[in-house]
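Participant: Before I ask anything, here is the structure I am working with.
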Amino acid sequence: MIGVVTGVFLIVSLLSLSEGIKEAILQQMRMMGKDLIIVIPGDISDFATVFAGGMDLTDD
433 MIGVVTGVFL IVSLLSLSEG IKEAILQQMR MMGKDLIIVI PGDISDFATV
483 FAGGMDLTDD
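Position in the sequence shown (first residue = 1) + 432 = our numbering.
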């Protein structure tokens, strides 16, 4: 009986945690705006290097 209660508790906890993480990520994406495009070429081995620089996209 205690195993069933523990299992249900863990499943509910994981679902709640995943929803919270999803909302946090969506909120950060909304703060970036709709005019942001991130292009990452090739193989990514170090995320810090990828996001260290940036360029502005202009209408030509």
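Even for Gly, the Cβ is constructed at its ideal location relative to N, Cα and C.
Helix, strand or coil for residue 466 per DSSP?
Facilitator: By 1-based counting over the sequence shown, the position of residue 466 is 34. Three-state DSSP puts residue 466 in coil, outside helix and strand.
Participant: Using beta carbons (cut-off 7 Å, strictly below), is residue 451 in contact with chain B?
Facilitator: This model lacks chain B altogether; it includes just one protein chain.
Participant: Which value, in whole angstroms, describes the spacing of the CA atoms of residue 448 and residue 455?
Facilitator: Within the sequence shown, residue 448 is the residue found at index 16, counting from 1. Within the sequence shown, residue 455 is the residue found at index 23, counting from 1. Straight-line Cα distance between these residues: approximately 11 Å.
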